[in-house]
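*Asks:* I have a structure here, written as structure tokens, and I will follow up with some questions on it.
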């Protein structure tokens with residue numbers, strides 16, 4: 001993926017983290033059952049992204065988890081509140097969603113409660129609907145992981161579907177994938 005975002009600061013987004021870019025930044029992450037949601041304000045050149053691991057913070061018995069973006073519900077709330085503080089009108093947001101794959105472990109059990117990927121997607125859709133926000137682009141579900149790059153200033157996403165997570169972490173073939 002050489003040449004993308006040359007000259008921009010680069011951030012690798014870990015599981016359970018959020019990032020807000022008020023300056024142009026290229027954010028990369030690798031997703032399996034985790035869900036990445038991006039919110040971009042084109043008129044302001046501001047973008048935010050989360051890499052949420054689990055759907056619902058209320059299911060966690062350890063109240064007060066310091067990793068607020070670990071959960072889809074608290075990650076989306078945190079992102080929206082951060083954009084509100086910056087004065088970004090919600091009507092201006094372009095929302096994109098990626099990940100939530102079922103993986104090999106739940107093949108044949110796609111509708112079981114063990115399918116964290118499906119539950120992450122459902123939680124995000126439910127919360128975004130409640131906030132009256134439409135998803136403009138999504139590439140979710142399935143059984144393959146994804147590597148994405150998010151340009152915070154333009155809102156552009158580059159997506160690569162993975163054969164395996166190991167390949168994504170050590171891939172040096174220069175394959176750009178799909179631009180969304």
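Residue numbers (our numbering): 1 to 180.
Even for Gly, the Cβ is constructed at its ideal location relative to N, Cα and C.
For clarity, every value in this text was computed on a predicted model and none was experimentally measured.
Are there three or more Cβ pairs, one per stretch, closer than 8 Å when the segment 112-121 is compared with the segment 16-29?
*Replies:* no
*Asks:* What residue does the alpha helix (DSSP H) around residue 72 start on, and which one ends it?
*Replies:* 72-85
*Asks:* Nearest-angstrom Cα distance between residue 134 and residue 123?
*Replies:* 14 Å
*Asks:* Anyone know if the C-beta pair for residue 40 and residue 96 falls short of 9 Å?
*Replies:* yes
*Asks:* Could you tell me whether the Cβ atoms of residue 34 and residue 99 are closer together than 9 Å?
*Replies:* yes
*Asks:* Mind checking which residues open and close the beta strand (DSSP E) that includes residue 149?
*Replies:* Unbroken beta strand (DSSP E) run through residue 149: 146-151.
*Asks:* Closest to residue 45 by CA distance: which of 163, 153, 72 and 162 is it?
*Replies:* For residue 45, the nearest C-alpha among the options comes from 153.
*Asks:* Compare the C-beta of residue 78 with all C-beta atoms of chain D and state if any pair is closer than 9 Å.
*Replies:* The chain labelled as chain D is not found in the depicted structure, where only one protein chain is given.
*Asks:* Please report the distance separating the alpha-carbon of residue 51 from that of residue 72.
*Replies:* 8 Å
*Asks:* Look up residue 93 in the DSSP assignment and say whether it is helix, strand or coil.
*Replies:* coil
*Asks:* Is residue 111 buried or exposed, if buried means 16 or more other CB atoms sit within 10 Å of its CB?
*Replies:* Per-residue confidence for residue 111 stands at a pLDDT of 49, beneath the threshold of 50, marking its modelled position as unreliable; no derived number is given.
*Asks:* Within the continuous beta strand (DSSP E) that includes residue 159, where are the two ends?
*Replies:* Segment 157-161, the beta strand (DSSP E) holding residue 159.
*Asks:* Helix or strand or just coil, what does DSSP make of residue 53?
*Replies:* coil
*Asks:* So, with DSSP's three-state summary, where would you put residue 16?
*Replies:* coil
*Asks:* Based on Cα-Cα distance, which residue from 22, 150 and 162 lies nearest to residue 87?
*Replies:* For the residues 22, 150 and 162, the minimum Cα distance to residue 87 belongs to 22.
*Asks:* Tell me the rounded alpha-carbon separation between residue 224 and residue 6.
*Replies:* Within the shown structure, residues of the chain are numbered from 1 to 180, placing residue 224 beyond reach of any answer.
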